[in-house]
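Contents: one structure, followed by commentary.
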Amino acid sequence: MSLTAIIGGTGLTRLEELEILRRETVATPYGEPSSALTFGRLAGREFVFLARHGDPHTIPPHRINYRANLWALRQIGAQGIIAAAAVGGIGADMGPGRLAVPHQLIDYTWGRSGTFFEDELDHVTHIDFTQPYSEDLRRKLIASARGLSVVENGVYGCTQGPRLETAAEIARMERDGCDLVGMTGMPEAALARELELPYAACAIVANWAAGKSEGEITMAEIERHLARGMADFVKLLTRFAESP
Ligand code: HPA
398 MSLTAIIGGT GLTRLEELEI LRRETVATPY GEPSSALTFG RLAGREFVFL ARHGDPHTIP
458 PHRINYRANL WALRQIGAQG IIAAAAVGGI GADMGPGRLA VPHQLIDYTW GRSGTFFEDE
518 LDHVTHIDFT QPYSEDLRRK LIASARGLSV VENGVYGCTQ GPRLETAAEI ARMERDGCDL
578 VGMTGMPEAA LARELELPYA ACAIVANWAA GKSEGEITMA EIERHLARGM ADFVKLLTRF
638 AESP
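Note that our numbering gives residue 409 to position 12 of the sequence shown, counting from 1, and the numbers run on in steps of one.
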C-alpha cells in the first residue's frame, strides 16, 4: 500500500489520532526538516507526518526549510502529500471553520528558496505548473469529505507573512481571483511538483481575511476556529485512510 505524507500546519503540530509506529530524523542536502518524521497508522493505513512549523510550533512561514521538508518526504518513500493549511477566508463561501480543497494558487511570497533546480545544473529545468495540485489526490480528498462542510475548489493566495495582510492587500487579492489566503502553500506545492510527488492541500479557514469582517483578527479567534476545522480535517483523513 502506498505511503502518504501529511504535512501539518498551524493547529496541527501533532496528529493525536495516529497510532505511532516510529519516529525518524532525516538529514537532507538542504539541511534539517522542520521536525522528525512520525510514521504511524490511521484506520489501518500507514502515513508519515511532518510538522511544518516544528514541534513545538516555533518556525514562522518565511523561515520554514521547505526544500528540506519535501526532500525528506521523498527520501523516505512518500508517494503523495496531503498538506493541511490554516487560511483566511476571502470568498463569501469561505467562512471560518470551513474546509476547502484549492484547485489553483497565486504566489505572493518573496525570497524563499523555492527550487531544487539551481545549482550544479547540466541543463535548466522549468516544471509545468499549470495545475499546481494533483487532481487525482484532490478528488480523493473531496470524496473523503462527504457530509463535512467542504468547498471543492478555490484559488489559494500565498503571502509572505508572518504578519497578516492589510484590507487593501486582501481587496487586491480578491480582484486577482483569490478565495483563500495563507502563508505556507508556496514554495511547498512547487517543490513537490519538482520531485514529481502528487500534492494536494486541505485548507482550514481560521478567520475572515483582513477587511472581510468587523474589527481585528485575533489569535484567539484563529485558534478557536482552527480547533473546529481541524476536527473535521481529521475526520476527512480517517475516511481517506479507509478508502481503497
Ligand atoms: N492570512 C494569511 N494566513 C492566514 C490567515 C490570514 O488571514 N489566517 C490563517 N492563516
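For glycine and all other residues, C-beta sits at the position ideal for the given N, C-alpha and C.
Taking C-beta atoms under 8 Å as the contact rule, Thr-407 and Arg-420 fail to qualify, at a distance of about 21 Å. In the structure shown, Ile-567 adopts helical secondary structure according to DSSP, grouped into three states.
Val-423 sits in coil when the DSSP states are folded into three classes, being neither helix nor strand.
As summarised for the region 502-562, the continuous alpha helix (DSSP H) elements at least 4 residues long and confined to that stretch are 532-541, given in chain order. Beta bridge pairing from DSSP links Ile-479 with Ile-403, Ala-597. For Tyr-427 and Arg-509, the gap between their C-alpha atoms comes out near 13 Å. For the 8 Å CB-CB criterion, Met-583 and Leu-502 form a contact. The C-beta distance from Leu-633 to Ser-541 rounds to 5 Å, short enough to meet the 8 Å contact threshold. By the 16-neighbour rule on beta-carbons within 10 angstroms, Gly-551 is buried.
CA-CA distance, Met-616 to Arg-560, rounds to 12 Å. Between Ala-483 and Leu-592, the gap from beta carbon to beta carbon reaches 8 Å or more. As a beta-bridge residue in DSSP terms, Arg-442 pairs with Leu-439. With 16 or more other CB atoms across the displayed protein chains lying within 10 angstroms of its CB, Ser-432 is buried. In the same chain as His-454, and ignoring 5 residues on each side of it, the C-beta atoms closer than 8 Å to its own belong to Thr-407, Thr-410, Ala-448, in chain order.
Shortest gap from the CB of Met-616 to any heavy atom of the ligand HPA: 7 Å or more. By the beta-carbon neighbour count (other beta carbons within 10 angstroms, threshold 16), Ala-469 is buried. Cβ contact annotation for Gly-405 (same chain, cutoff 8 Å, sequence separation greater than five): Arg-411, Leu-412, Phe-446, Leu-447, Ala-448, Arg-449, Ala-481, in chain order. For Leu-623, the enclosing alpha helix (DSSP H) begins and ends at 616-639.
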